[in-house]
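Student: Residue numbering for the sequence shown follows this note's numbering, beginning at -1 and increasing consecutively. Glycine is no exception: its CB is placed at the ideal position from the N, C-alpha and C atoms. After the structure tokens below, expect a handful of questions from me.
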Amino acid sequence: MGDMTNSDFYSKNQRNEANHAGEFGCTLQDLRSLMELRGMEAVVKIKETYGDTEGLCRHLNTSPIEGLPGTTADLDKRRLIFGKNFIPPKKPKTFIQLVWEALQDVTLIILEIAAIISLGLSFYHPPGEGNEEMQPMMCIEADSDLSVCAGIKEKNIV
């Protein structure tokens, strides 16, 4: 998990935590550091700082069973102090990025190389042999190889 303090989203939503630290017993930065921890690290940090999860709930003036009181004034105060409970969505990948990632697939690379070799061999004519009637079939074969390569990746068969 990345450091949330360096995020543009969090820097835009900085709150004056010094004024509000006494109201809840923990600051926005404390909650952020808890969210970055996983597993036993988080359990140990909660036990060291708040005693247990019920202690954390007491600091946040909430009930571990019933949750927030739900009054408009309380919710507005929490929103003012801690900000919106919102995770900004990731930017979607562009079509070019998706195509580039697809072209990195090993199976597709092997199929592309085989199609290119097949296409190249379809234009090769050994000297002294008359295969004029075979040339259209070779082009069709090379074209079908390329089509199969594109179709397999498109349908996620690979």
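Helix, strand or coil, according to DSSP, for GLY65 in the structure here?
Tutor: GLY65 falls in the strand class under three-state DSSP.
Student: Please classify PHE121 as buried or exposed, where buried requires at least 16 other C-beta atoms within 10 Å of its C-beta.
Tutor: Burial call: exposed.
Student: Can you name the start and end residues of the alpha helix (DSSP H) that ARG30 belongs to?
Tutor: Its alpha helix (DSSP H) spans residues 26 to 34.
Student: Mind reading off the beta-carbon distance from LYS43 to LEU35? Whole number of angstroms is fine, and I expect it under 8 angstroms.
Tutor: 6 angstroms between Cβ atoms; contact.
Student: Would you report the Cα separation of GLY56 and GLN27, rounded to the nearest angstrom?
Tutor: In the sequence as displayed, the identity of residue 56 is Arg instead of Gly. Going by the C-alpha atoms only, they are around 18 angstroms apart.
Student: Determine the burial state of LEU66: buried for a count of at least 16 other Cβ atoms within 10 Å of its Cβ, exposed for fewer.
Tutor: Label assigned to LEU66: exposed.
Student: Going by the CB atoms, is the gap between PHE22 and LEU73 shorter than 8 angstroms?
Tutor: No, these two residues do not count as a Cβ contact at 8 angstroms.
Student: What is the C-beta distance between ALA100 and LEU106, in whole angstroms, given that I count them as a contact (C-beta under 8 angstroms)?
Tutor: Going by Cβ atoms, the distance from ALA100 to LEU106 rounds to 7 angstroms, so yes, they are a contact pair.
Student: Please classify PHE93: does DSSP put it in a helix, a strand, or coil?
Tutor: Three-state DSSP puts PHE93 in a helix.
Student: Measuring CB to CB, does THR51 end up less than 8 angstroms from PRO62?
Tutor: Yes, they are a contact pair.
Student: If you measure between the beta carbons of LEU32 and ALA40, is that distance less than 8 angstroms?
Tutor: Their beta carbons are under 8 angstroms apart, which means LEU32 touches ALA40 by this criterion.
Student: From what residue to what residue does the alpha helix (DSSP H) around ASP72 run?
Tutor: ASP72 -> alpha helix (DSSP H) spans 70 to 80.
Student: Please report how far the alpha carbon of ILE111 lies from the alpha carbon of THR47, in whole angstroms.
Tutor: Those two C-alpha atoms are separated by around 60 angstroms.
Student: Using a 10 Å radius around the Cβ and a threshold of 16 neighbouring Cβ atoms, would you call ASP76 buried or exposed?
Tutor: Correcting the residue type first, residue 76 is Arg in the shown sequence and not Asp. Flag for ARG76 reads buried.
Student: Quick one: grab the DSSP three-state call for LEU58.
Tutor: In the structure shown, LEU58 sits in coil (DSSP, three-state: anything other than H, G, I, E or B).
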